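The working numbering puts the first residue of the sequence shown at 2, with every later residue one more than the last.
No residue lacks a Cβ here, since even glycine has one placed at the ideal position from N, Cα and C.
Predicted model only: the values in this text are computed from it and were never measured.
Worksheet for the structure shown next.
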Amino acid sequence: MAKQTALRKHPSAAPQATLNANSPATAHPRTGFDWKRIAYLTLVSRALDDLEEATNRNRNSVPREHVVLYQFSSRGHEMSQIILGALINGKHDAAGAYYRSRPMLLALGLSFEDALGSPLGRSGGFSDGRDIGVVCNLPNRDGPIVIPMSGDVGSQYTPSSGWAQAITYHRDTLKDKSYNGCMSVALGGDASVATNGFWAALTMATTLRLPMLFYIEDNDLGISVRGDMQTPGGNIAENLASFKNLFVRDGDGTDPHEASGLLAEAVQHVRSGEGPALVRLTVPRLSSHSGPDNQKGYRSIEEIASDESRDPLPKLREYLVPALLSDADWASVVADVARDVDIALQAARARSIPDAATISRYVFADDSGESDDAFGGLSRADRDALGGTDVPEDVGELLRFPEAIRRTMRHELKVNPKVVVFGEDVGRKGGVHLVTEGLQKQFGADRVFDTSLSEEAIIGRAVALAISGLVPVAEIQFRKYADPATEQLNNCGTMRWRTANRFAAPIVVRMPGGFGKDVGDPWHSLSDEVRFAHAYGWQVAMPSNAADAVGLLRFAMRSPNPTIFFEHRSLLMTGDGSARYPGDNYVLPFGRARVVQEGKALTLVTWGAMVHRCAAALTNANDVELIDLRTISPWDRAAVLNSVRKTGRCLIVHEDNMTAGFGAEIAAVVAQEAFWYLDAPVQRLAPLDIPMPYHETLLASVLPGVEEIAAAVESLLRQ
Ligand SMILES: Cc1ncc(C[n+]2csc(CCOP(=O)(O)OP(=O)(O)O)c2C)c(N)n1
């Protein structure tokens, strides 16, 4: 049974005489709020839900002409969200929200036409018809934004805490006064408090005392599962009573007086710089979970009726009429809403169907100049001012691979105050691979910093920092440990596309992986780079040497697209990747392969540390063309195809799994595009789908070795 409005106050709550003593009927409307506007928007939200939930009985209904498959009603949640929205008014405030948050967006300035046009899948709006209409976003250069939402429950939290950290960086490090008093808020349901994202963000916000509010709308239901499955006893506010550095409030989200009091108090706490707050308000869910859900089997008629009696809308009317508005005033607000929503509906219906010819746009930024309009990343002017050349200096000293990366970050930190470098142990220790050694000492702990042990928080934070205009360079300690951040990584990669270029989060993720010096194991030696090549919207660099690492990392740090920058462990641990420093301005664009050795008899394609094994395997094979791809997204198809058209033979070597490894992609392209030039089948040499083992002997038995590569070359040459 859904919890009723039982009011459980946090024990440390300051006495709230007016909150408890006055029922909505007797309390005078709280000052400081534009209650008429709150009533108007609450009624608008209700009217939008009415339209979308109406069946064909209603001639005017939206579903009549277009099935709104993903309708998530805000009925019951809307009033307290709109009250909260009225408090989110700082120039650089941001909200991280979820599918039931449209009322909050209305309060932050979402047009009613967009609010209806997006669920209809029409052009314009949140996503130009690319994403479901309840997954919203709201760019705004002069006021609060809504960070692009995702379909994954709980994924809104770490970008929200990341935005709170971005506020502190702009305010304290870049000395931008317009960030003073700004805050971030994350909205979530009671089930979302069970997610990794919630706890990762809570840890971040409380340890760093960030200006962030967690607003939990507790309707005691996930889809069908009750709140006591998500947190013991079903009340997250009670359970967080003793959480350090967290101001907690708990109350009734259907009572306008109480809800406005608790939210105002929490917002004031956050804005004053005291640290984060969490407000849990109980609300009824007055509809099914979503369009396709009929509540059968998990909610009785009595339960539904009991929730109906908690509808905040009549309570709001009772609170405002006659104390603040007359009956006639209320009626006139109702009439205004009907008129305005109808105008919006006609306009939304008149919007065109999205143009399918443009569907591939904005997976990546393009050169049209329009990509610059997206909210996030460096401006074009900032990037141009940084300059750069793709011609390396050839007089630089010989550098090992880790030093090359460190030196590049050091230079970029020096010339660009928007660069921040962070990850687990990257600060005082300088990273477990010592790549960031000395950087914190030189640039300070606000620019080079340690994070909590949460990869989801590292990437979610990076996303928000990038949206705020910074250049985040996040380190994931080992490739395998990016697994917990998969959701944030995927959502980062699709952001530009799914918001139709309204937002982008060009982050750089440095990630060591692959076999080490005579050592491997399933955790520290995973390579699996193909997963990122397969993910949408990511650039993937796999440098084989120090000079390329410098140019590719600098390119990534100035790019409008997100990048996975793979640092091979054997190159971090040995002198294999040493090369001459190509200079502080060297920028190597992605998708340009390097011909390591020219030849006419066979094309050998590889990348990363395998480049060195392949080179060693060719000591007696002078006529083999060795191609180092350098990047696998994008990859230099032209270089490979031109070479194969010349040689007629192609061997691909990599350390990632054979099955569906990136070699499979190359082989397919070569087979399709250069079939008539081939004198032999395309060959691949890669581990046979076995995880990396620990003992040296076992490792050697799994990885392609120099002799094996030489034998494969020889065999293919004979075919
Ligand atoms: C990571 C993830 N798991 C599962 C789902 C499917 N799902 C969508 S909403 C939902 C329930 C969420 O409930 P709550 O957070 O309480 O919000 P409410 O819908 O009650 O407002 C579930 C399980 C999802 N979208 N994302």
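Limits of the beta strand (DSSP E) - the one that residue i falls within
i           : result
residue 224 : That residue, residue 224, is in no beta strand (DSSP E); it is neither H nor E in DSSP.
residue 709 : Careful: residue 709 lies outside any beta strand (DSSP E), inside the alpha helix (DSSP H) at 707-719.
residue 217 : 213-219
residue 473 : 472-476
residue 421 : 420-424
residue 148 : 146-148
residue 513 : 509-514
residue 96  : 95-97
residue 497 : Taken as a continuous stretch (DSSP letters only), residue 497 belongs to no beta strand (DSSP E), being part of the alpha helix (DSSP H) at 487-499.
residue 279 : 278-283
residue 450 : 449-451
Per-residue DSSP class, three states only, for residue i
i           : result
residue 51  : helix
residue 57  : Its pLDDT being 43, under 50, residue 57 is placed unreliably in this model, and the value from its coordinates should be taken loosely. Here residue 57 sits in coil by DSSP.
residue 629 : strand
residue 525 : coil
residue 104 : helix
residue 179 : helix
residue 582 : coil
residue 568 : strand
residue 328 : helix
residue 352 : coil
residue 684 : strand
residue 71  : coil
residue 191 : helix
residue 383 : helix
residue 137 : coil
residue 652 : strand
residue 479 : coil
residue 503 : coil
Cβ pair residue i, residue j closer than 7 Å
i           : j           : result
residue 238 : residue 251 : yes
residue 290 : residue 224 : yes
residue 597 : residue 629 : yes
residue 528 : residue 515 : yes
residue 617 : residue 707 : yes
residue 179 : residue 211 : no
residue 547 : residue 579 : yes
residue 533 : residue 565 : yes
residue 504 : residue 365 : no
residue 415 : residue 472 : no
residue 128 : residue 497 : no
residue 118 : residue 352 : yes
residue 213 : residue 160 : no
residue 202 : residue 81  : no
residue 587 : residue 398 : no
residue 641 : residue 705 : no
residue 75  : residue 492 : no
residue 135 : residue 71  : yes
residue 452 : residue 542 : no
Near ligand 1: residue i beta-carbon under 6 Å from a heavy atom
i           : result
residue 534 : no
residue 191 : yes
residue 223 : yes
residue 101 : yes
residue 220 : yes
residue 77  : no
residue 152 : yes
Continuous alpha helix (DSSP H) stretch holding residue i: start and end
i           : result
residue 699 : 697-703
residue 307 : 302-309
residue 298 : Note, residue 298: premise wrong, no alpha helix (DSSP H); not H, not E.
residue 233 : From DSSP, residue 233 is part of no alpha helix (DSSP H); its letter is neither H nor E.
residue 257 : 257-272
residue 403 : 402-416
residue 556 : 547-558
residue 166 : 158-169
residue 671 : 663-674
residue 84  : 79-88
residue 314 : 313-321
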